[in-house]
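Numbering (my numbering), first residue to last: 930 to 1098. Note that beta-carbon positions come from the ideal geometry of N, C-alpha and C, so glycine has one too. Computed from a prediction, not measured in an experiment: that's the story for all the values here.
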Amino acid sequence: MAKPSRTTSGDRSQAAKVRQLRKISDLLDNAIRVPGTSYGVGIDPLLGLIPGGGDFLGGLISVYIVFSAAMMGLPRETLMRMSSNIVFDSLVGIVPVLGDLFDVAWKANSKNMDILEAHLQSPKVSKSADRGFVFLLLGGLTLFVIVIAALGFLVISLLVNILQFIVSG
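(1) Bridge partners for isoleucine 970 per DSSP, in chain order?
(2) Name the one or two DSSP bridge partners that serine 1057 has.
(3) Expressed to the nearest angstrom, what Euclidean distance is found between the alpha-carbon atoms of arginine 941 and arginine 948?
(4) For glycine 1068, does the count of other Cβ atoms within 10 angstroms reach 16, so buried, or fall short, so exposed?
(5) Could you tell me whether the Cβ atoms of glycine 969 and leucine 957 are closer together than 8 Å?
(6) Within 10 Å of its beta-carbon, does isoleucine 961 have 16 or more other beta-carbons around it, so buried, or fewer, so exposed?
(7) Give me, in chain order, the residues of the same chain whose beta-carbon lies closer than 7 Å to that of leucine 1066; leave out the 5 immediate sequence neighbours on both sides.
(8) Mind checking which residues open and close the alpha helix (DSSP H) that includes glycine 1158?
(9) For glycine 982, name the three-state secondary structure that DSSP assigns.
(10) Helix, strand or coil for glycine 939 per DSSP?
(11) So, under 8 Å CB-CB, isoleucine 1015 and valine 1033 are touching, yes? Tell me the CB distance rounded to an integer number of Å.
(12) Would the stretch 972-979 and the stretch 1041-1061 be scored as touching if the rule is three or more Cβ pairs under 8 Å?
(13) Quick check: the Cα distance between glycine 1098 and leucine 1088, rounded to an integer number of angstroms?
(14) Given a threshold of 16 other Cβ atoms within 10 Å of its Cβ, counted over all protein chains shown, does phenylalanine 1094 qualify as buried or as exposed?
Written as structure tokens, this is what we have:
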């Protein structure tokens, strides 16, 4: 006879946290369905249209998802995969308009949630990342997001100055 499965309050709270993170991810990457398709577009590309600040806000929310994954005990390798999605998304996001179109297709937050959920559904025996690593990773990611947002703002400013020069010249 099979034993009934028991869930602990820790399991329930982790499941609730994963649901919350999935909702955040869906809001950023899939909130609005394109009519006649199953494809969704989130607010992340729209945030990216706000010079500097939008990319910064979207990046911080992405870092929060990785932070939450770290608090769930994911290993270094998994956290690095999730972080690389954010870095790639942010680097391409520097390019005005093209970066926002890329955001529509890349969906870094959805990719990161897929990675998180896959790990939780079939966790390999792995050592969770130590606090020092998590601190450095999240600090580095946050600093990276700030620098990328500043670069995005500088690119927009440069384009505006070039356009003003062309129009006045």
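So, from the listed chains and residues:
(1) One detail in the question is off: residue 970 reads as valine in this sequence, not isoleucine. In DSSP, valine 970 forms a bridge with Ile961.
(2) DSSP, once it has assigned bridges, lists Pro1004 as partnering serine 1057.
(3) Spanning the alpha carbons of arginine 941 and arginine 948 requires a straight line of approximately 10 Å.
(4) With fewer than 16 other beta carbons inside 10 angstroms of its own, glycine 1068 counts as exposed.
(5) Contact check for glycine 969 against leucine 957 fails: the beta carbons are separated by 8 Å or more.
(6) So isoleucine 961 ends up on the exposed side.
(7) Around leucine 1066: Leu1008 and Ser1012.
(8) No answer is possible for residue 1158: it lies beyond the span of the chain, which begins at 930 and ends at 1098.
(9) It is helical.
(10) DSSP places glycine 939 within a helical segment (H, G or I) once states are collapsed to three.
(11) With a Cβ gap of about 16 Å, isoleucine 1015 and valine 1033 do not count as contacting.
(12) Touching, no, given that fewer than three Cβ pairs across the two stretches are closer than 8 Å.
(13) Distance from the CA of glycine 1098 to the CA of leucine 1088, rounded to the nearest whole angstrom, comes to 15 Å.
(14) Exposed, by the Cβ-count rule.
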